[in-house]
Amino acid sequence: MNQFMDTNTPLPQRRIGRASDYSAHIQEAMRYDRLRSAEYPLVMTIMDAVLQGYTEERWQAGQERTLKVLRQQSPEQTTTHNDTENRYEQTVSRLKDLSLWPW
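Per numbering that gives the first Met the number 0, the sequence shown starts with residue 0, numbered consecutively.
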């Protein structure tokens with residue numbers, strides 16, 4: 000299920016619309032202080048991927064180094080989803096909670 004997808008509009012407009020929707024979710028998360036500063040750079044790469052129309056796999060390929068580091072770290076115990084396998088999985092779960100995981 001892709002909550003940022005509108006299949007009735009032309010592709011460039013759809014991408015801009017999806018990125019605009021994603022940006023609104025970012026702003027809402029920031030407004031209520033739910034987006035952690037450590038997650039912000041990753042979220043911005045996701046927003047760029049949404050704007051470019053990238054798949055999750057293409058985004059991951061572009062973020063290979065960052066995601067590798069996150070996968071090697073234990074989850075933070077002081078935040079939600081601390082029962083995940085690693086920091087990457089924890090971050091994905093948190094972003095899903097905030098409607099910031101578009102794939």
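Every residue, glycine too, gets a C-beta built ideally from N, C-alpha and C.
A quick note: this is a predicted structure, and the numbers were derived from the prediction, not measured.
* Asked: Expressed to the nearest angstrom, what Euclidean distance is found between the alpha-carbon atoms of Gln-59 and Ile-45?
  -> In the sequence shown, the residue the question calls residue 59 occupies position 60. In the sequence shown, the residue the question calls residue 45 occupies position 46. Spanning the two alpha carbons is a distance of roughly 9 Å.
* Beta-carbon gap between Leu-97 and Arg-33 smaller than 7 Å -> Counting from 1 along the sequence shown, the entry for residue 97 is found at position 98. Counting from 1 along the sequence shown, the entry for residue 33 is found at position 34. Result yes, Cβ atoms of Leu-97 and Arg-33 sit closer than 7 Å.
* In angstroms, rounded to a whole number, what distance separates the CA positions of Thr-83 and Ala-18? -> Counting from 1 along the sequence shown, the entry for residue 83 is found at position 84. Counting from 1 along the sequence shown, the entry for residue 18 is found at position 19. Spanning the two alpha carbons is a distance of roughly 28 Å.
* **Among Ser-92, Thr-78, Ser-73, the one whose alpha carbon lies nearest that of Leu-86** => As a first step, residue 86 must be located in the sequence shown, where it is residue number 87. Here residue 86 is Arg; the residue named in the question, Leu, does not match the sequence. Selected option, being the one with the closest Cα: Ser-73.
* For Asp-32, three-class secondary structure by DSSP -> Residue numbering aside, residue 32 sits at position 33 when the sequence shown is read from its first letter. If DSSP states are grouped into helix, strand and coil, Asp-32 belongs with coil.
* To do: Reducing DSSP to helix, strand and coil, say where Glu-38 ends up.
  => Numbered from its first residue, the sequence shown carries residue 38 at position 39. In the three-state reduction of the DSSP assignment, Glu-38 falls in the coil class, being assigned neither a helical nor a strand state.
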